[in-house]
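First the structure, in the form of structure tokens, and then the observations on it.
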Amino acid sequence: MPLFAPGEDPGPHFSELLRLSGLSPYTGFEPGVSSGDLTPHATTCVAVRVADGVVMAGDRRATSGNLISHKTMEKVLPADRFSGVAIAGAAGPAMEMVKLFQLQLEHYEKVEGGPLSLEGKANQLSAMIRGNLPMAMQGMVVVPIFAGWDFRRRSGRLFAFDATGGRYEEREFVATGSGSLHAGQVIKLGYHEGLTADEGVDLCMRALYEAADSDSATGGPDLVRGIFPVIATIGVEGFARVSDQVLEVRFRELLTEITSRQGGAGGEPA
């Protein structure tokens with residue numbers, strides 16, 4: 005076993021142990037720059053349980069290090085008619101994973117004559133994330149949120165994951181990505197049992213706005229270009245995306261409220 009001086013202790017991180025031991029796989033990039041630093045990454049996504057299902061939301065920004073690589077990335081996608089995935093992490097592997105997940109659910113339904121249970125869908129996604137672990141060890145981590153309507157329980161359900169494929173059901177809300185700390189705090193303070201879908205949408209909007217205000221990798225509403233977060237509701241009637249026209253009106257109302265609370269200081273974000 006290698007020995008390290010106190011100031012060089014890699015701690016609990018296995019990837020850091022490999023790097024300090026000189027065993028990190030060659031990435032093809034110059035020393036000191038990992039492949040993860042140069043890969044577009046999706047950032048902040050949130051999901052909230054409401055009385056009639058769930059609300060999922062994600063900002064539109066993708067970053068490569070300190071560069072904004074995309075302004076209009078869509079991170080909240082339908083997995084099938086009654087469930088959705090919100091992606092955070094390395095954008096390429098995440099998008100490929102979602103497409104394969106959608107295909108697998110469709111194939112299962114055609115072969116078996118009925119959809120997989122929501123629990124089964126979450127387990128399938130967990131296995132796919134675990135299969136991405138070798139890429140995660142090289143910096144291309146994918147950490148999605150999965151949510152949907154459970155016909156057996158007649159309620160919405162939320163599932164969070166870690167990079168190893170660990171699956172964790174959340175009762176109230178879940179946030180992931182670089183701005184998850186800020187977004188999660190906003191939702192934690194504003195959440196209560198029995199939220200309506202409209203209240204859930206408003207809470208997710210506020211959470212992403214505050215996350216964008218504190219985290220440079222999270223994109224806020226862009227009123228100049230007409231770019232707004234992707235927000236969707238999932239209930240007994242299925243996956244439904246909230247239109248940009250509706251979001252624009254509601255974001256303007258939110259900005260008016262924030263401006264008036266601050267005494268009129270500041271203006272609308274670009």
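Add 4 to the 1-based position in the sequence shown for this note's numbering, that's all there is to it.
Note that beta-carbon positions come from the ideal geometry of N, C-alpha and C, so glycine has one too.
Query raised in the report: Mapping DSSP to helix, strand and coil, what is residue 38?
Result: Within the sequence shown, residue 38 is the residue found at index 34, counting from 1. Model confidence at residue 38 stands at a pLDDT of 46, short of 50, so the residue's coordinates are unreliable; what they give is reported in the following sentence. In this structure, residue 38 counts as coil in the three-state DSSP scheme.
Query raised in the report: Taking C-alpha atoms, which residue in 151, 155, 157 and 156 lies nearest to residue 165?
Result: Taking the sequence shown and counting its residues from 1, one reaches residue 165 at position 161. Among 151, 155, 157 and 156, the Cα nearest to that of residue 165 belongs to 151.
**Report entry** Same chain only: Cβ atoms within 6 angstroms of residue 218, ignoring 5 sequence neighbours per side
**Finding:** One-based indexing of the sequence shown puts residue 218 at position 214. Hits under 6 angstroms: 186.
Query raised in the report: What are the complete beta strand (DSSP E) segments, minimum 3 residues, inside the segment 148-206?
Result: 149-154, 159-165, 171-174 and 177-180
Query raised in the report: For the candidate residues 172, 143, 177 and 121, whose alpha-carbon lies nearest to that of residue 158?
Result: To locate residue 158, count along the sequence shown from 1; it is residue 154. Taking only the C-alpha atoms, the option nearest residue 158 is 121.
Query raised in the report: Exposed or buried, which one is residue 207 when buried takes at least 16 other CB atoms within 10 Å?
Result: By 1-based counting over the sequence shown, the position of residue 207 is 203. Residue 207 is buried by the Cβ-count criterion.
**Report entry** Where residue 91 sits in the DSSP three-state scheme
**Finding:** Taking the first residue of the sequence shown as position 1, residue 91 is located at position 87. If DSSP states are grouped into helix, strand and coil, residue 91 belongs with coil.
Query - Cβ-based neighbour list, residue 112, same chain, cut-off 7 angstroms, excluding 5 preceding and 5 following - result: Numbered from its first residue, the sequence shown carries residue 112 at position 108. Around residue 112: 120.
Query raised in the report: Buried or exposed: residue 125, going by 16 or more other Cβ atoms within 10 Å of its Cβ?
Result: Residue mapping note: residue 125 aligns to position 121 of the sequence shown, counting from 1. Per the 10 Å Cβ criterion, buried.
Query raised in the report: Which residues mark the beginning and the end of the beta strand (DSSP E) in which residue 238 is found?
Result: Working through the sequence shown from its first residue, we reach residue 238 at position 234. Residues 234-239.
Query - alpha helix (DSSP H) runs contained entirely in the segment 40-128, provided each spans 4 or more residues - result: 95-116
**Report entry** Beta-bridge pairing of residue 254 - partner residues as DSSP gives them
**Finding:** Here residue 254 refers to the residue found at position 250 of the sequence shown. Answer by DSSP bridge pairing: none, since residue 254 is not bridged.
Report task. Return the chain-ordered list of same chain residues with a C-beta closer than 7 angstroms to the C-beta of residue 73, the five sequence neighbours on each side being excluded. Result -> Within the sequence shown, residue 73 is the residue found at index 69, counting from 1. Within the same chain, residue 73 has close Cβ partners 44, 66 and 67.
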